[in-house]
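Data block below; observations after.
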Amino acid sequence: MTAPPPPRFPTPTRLTPFTQFTGPQYFLLAGSFLIPLGSFAVLPFMSVLLHERLGMELGTVGVVLAVASFVQFSGGVVGAALAERVGLRRTMLLALVIRTAGFAAFLPGLSRPTWAVVALFLVSVGAALYLPANKAYLVTGVTEDRRAPLLSASSSALNAGIALGPIAAAPFVLTASAGLFAAVTVLFTLITAGHAALPGAPTATDPQPTSATNPQPTPETDPQPPQQANPQPPQQANPQPPQQAPLKADRRRPDATPPSPLLPFAITVLSVYVFMFFQHYLALYAVGRASTYFYGLVLALYALLLVVTQPLLSDWIARLPYPRALRIGFTALAAGMAALALGHPAAILGGALLICVGEIVLFLKNDLEALSRSDRSPAVVFGRQRLAAGIGAFASGIAGGEGYAWADRADNVGLFWLAVAAQCALLPPLLLRALRGRRR
241 MTAPPPPRFP
251 TPTRLTPFTQ
261 FTGPQYFLLA
271 GSFLIPLGSF
281 AVLPFMSVLL
291 HERLGMELGT
301 VGVVLAVASF
311 VQFSGGVVGA
321 ALAERVGLRR
331 TMLLALVIRT
341 AGFAAFLPGL
351 SRPTWAVVAL
361 FLVSVGAALY
371 LPANKAYLVT
381 GVTEDRRAPL
391 LSASSSALNA
401 GIALGPIAAA
411 PFVLTASAGL
421 FAAVTVLFTL
431 ITAGHAALPG
441 APTATDPQPT
451 SATNPQPTPE
461 TDPQPPQQAN
471 PQPPQQANPQ
481 PPQQAPLKAD
491 RRRPDATPPS
501 PLLPFAITVL
511 SVYVFMFFQH
521 YLALYAVGRA
531 STYFYGLVLA
541 LYALLLVVTQ
551 PLLSDWIARL
561 PYPRALRIGF
571 TALAAGMAAL
581 ALGHPAAILG
591 GALLICVGEI
601 VLFLKNDLEA
611 LSRSDRSPAV
621 VFGRQRLAAG
631 IGAFASGIAG
641 GEGYAWADRA
651 DNVGLFWLAV
661 AAQCALLPPL
671 LLRALRGRRR
């Protein structure tokens with residue numbers, strides 16, 4: 241009688257981690273697409289609404305949008321503190337209620353500038369409170385190897401919503417504004433109701449998720465390393481447990497980069513700072529050298545590369561040593577910015593795709609590194625990362641406007657992109673050297 245064949249298990253693939261999420265995680269990932277889809281059906285057209293429909297001066301419009309953007313980024317710190325106090329699910333619910341009220345306030349804001357400004361700030365406050373709690377809910381209580389697939393899937397869903405929102409709303413934003421704002425309000429009402437049905441996550445102050453996400457014992461998280469030898473009685477008599485050597489080596493690891501939460505925070509500031517030059521000024525640069533249709537093609541290919549590639553590369557990015565990830569990311573950004581300086585449509589497209597590679601590597605790796613280096617809750621970590629992004633975007637806005645204007649007056653805008661490329665190449669090593677000196 242022959243023995244039954246051994247059971248066959250499906251061969252793991254790159255997509256296997258994305259088929260093993262929980263129901264609440266799938267719901268939040270769907271929300272990560274629908275929320276920016278609704279938001280970016282409205283927000284990219286704010287300058288048109290405030291200036292052309294409501295008659296606000298462009299200078300005032302610029303100030304309103306800049307302050308609203310800064311609130312949206314820097315308010316993540318407040319969102320993190322609130323999540324620690326009341327919990328992740330309650331924070332997301334409060335944020336969505338505020339954001340839904342903001343989109344509803346746009347309806348009277350179609351004829352009253354004050355209501356429109358209040359609506360914009362409510363939407364910004366809601367985003368500031370929601371994002372840290374959302375990311376923290378995704379990764380709280382999961383093992384470290386599951387963080388990269390979850391965060392990359394969330395980022396891809398968000399970028400897909402950002403890309404499709406303006407396209408879906410463009411035919412209606414000026415001709416049927418009231419209907420558009422009403423539809424977005426209904427969408428956010430349904431999303432809020434779905435969040436109310438989520439199970440409660442561990443609170444941000446619960447110490448258990450932190451240890452669960454760190455499977456490798458360290459001197460701080462595993463104060464009793466000799467217990468690992470208990471299942472092997474012959475080793476109990478050894479006065480020097482074999483675990484001591486790697487623990488000491490972990491304490492004395494080479495200072496290739498400062499092992500502190502300050503490093504990913506500072507690198508995030510720098511990453512967003514150089515990236516936002518591209519985000520703010522590519523439209524002005526590309527449309528003047530090609531057409532609006534070409535610019536739309538560039539954005540579509542950029543979004544497609546970002547949405548598809550980042551989840552597939554998430555495990556590889558998670559395993560990359562941080563210094564190597566920084567070299568790859570900033571090299572791609574520098575090469576992309578330099579390619580933009582050529583001004584040819586093919587060079588603009590190639591430069592944009594290289595910059596996309598830099599974004600894929602740097603933004604995900606910075607979040608993963610911030611989580612692994614911090615002993616605080618995930619909500620606090622993501623709140624700090626949002627603050628870092630806000631600082632970088634604010635600095636880029638101040639420097640970029642003057643820099644682009646100077647290059648335009650010199651009739652050589654390519655110099656602007658070469659200056660940004662030089663910053664991508666020179667600022668990271670200078671920042672690392674400054675942080676090492678500070679640590680010493």
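Add 240 to a position in the sequence shown, counting from 1, and you land on the number used in this note's numbering.
Where a beta carbon is used, it is the ideal one built from N, C-alpha and C, also for glycine.
Neighbourhood of residue i by C-beta distance below 8 Å, restricted to the same chain and skipping five residues each side
i           : result
residue 577 : 514, 517, 518, 591, 595, 657, 658, 660, 661 and 664
residue 297 : 291
residue 480 : Because the pLDDT at residue 480 is just 46, under 50, the model does not fix this residue reliably, and the point stays unresolved.
Exposed unless 16 or more other CB atoms sit within 10 angstroms - verdict on residue i
i           : result
residue 584 : exposed
residue 493 : Unreliable placement is indicated for residue 493, whose pLDDT of 42 sits below 50; the coordinate value is still reported in the next sentence. So residue 493 ends up on the exposed side.
residue 670 : exposed
residue 531 : exposed
residue 681 : A question about residue 681 goes unanswered here, because the residues of the chain that appear run from 241 up to 680.
residue 308 : buried
residue 398 : buried
residue 292 : exposed
residue 507 : buried
residue 266 : exposed
residue 270 : exposed
residue 579 : buried
residue 673 : exposed
residue 339 : buried
residue 288 : exposed
residue 327 : buried
residue 561 : exposed
residue 524 : exposed
residue 390 : buried
residue 666 : exposed
residue 586 : exposed
residue 650 : exposed
residue 540 : exposed
Beta-carbon proximity check, residue i vs residue j, cutoff 9 Å
i           : j           : result
residue 373 : residue 320 : yes
residue 543 : residue 400 : yes
residue 393 : residue 367 : no
residue 431 : residue 278 : yes
residue 600 : residue 529 : no
residue 675 : residue 566 : no
residue 608 : residue 422 : no
residue 572 : residue 597 : yes
residue 630 : residue 316 : yes
residue 611 : residue 379 : yes
residue 545 : residue 602 : no
residue 677 : residue 318 : no
residue 264 : residue 510 : no
residue 290 : residue 311 : no
residue 618 : residue 376 : yes
residue 616 : residue 371 : no
residue 547 : residue 396 : yes
residue 535 : residue 522 : yes
residue 275 : residue 412 : no
residue 416 : residue 285 : no
residue 436 : residue 283 : no
residue 645 : residue 385 : no
6 Å CB neighbourhood of residue i in its chain, flanking five on each side removed
i           : result
residue 280 : 402, 405 and 406
residue 647 : 653, 655 and 656
residue 641 : none
residue 359 : 342, 345, 346 and 349
residue 501 : 613 and 614
residue 693 : Because residue 693 is not part of the residues shown, which for the chain are 241 to 680, the question remains open.
residue 682 : Since the first residue shown for the chain is 241 and the last is 680, residue 682 is missing from the structure and cannot be characterised.
residue 473 : Confidence in residue 473 is poor, its pLDDT being 45 and thus under 50, which makes the residue's placement unreliable; the coordinate value appears in the next sentence. Counting only Cβ-Cβ distances below 6 Å, and skipping sequence neighbours, we find nothing.
residue 620 : 320
residue 526 : 535 and 588
residue 686 : Here the chain has residues from 241 to 680 only, and residue 686 is not among them.
residue 363 : 339 and 342
Own chain, CB closer than 7 Å to residue i, minus 5 neighbours either side, in chain order
i           : result
residue 322 : 331 and 369
residue 553 : 600
residue 635 : 513
residue 418 : 347 and 350
residue 550 : 392, 395, 396, 600 and 604
residue 337 : 432
residue 575 : 594
residue 294 : 353 and 356
message = For a minimum of 4 consecutive residues, which ranges assigned as the alpha helix (DSSP H) are wholly contained in the stretch 533-619?
response = Here the runs fully enclosed are 562-580 and 585-613.
ask   = Residue ranges of each alpha helix (DSSP H) run of no fewer than 4 residues wholly in the stretch 254-328, ordered along the chain?
value = Fully enclosed alpha helix (DSSP H) runs of 4 or longer: 263-279, 298-314 and 316-326.
query = Where in the stretch 362-425 do unbroken runs of the alpha helix (DSSP H), each at least 4 residues long, occur, reported from the N-terminal end onward?
reply = Counting only runs of 4 or more, we get 384-409.
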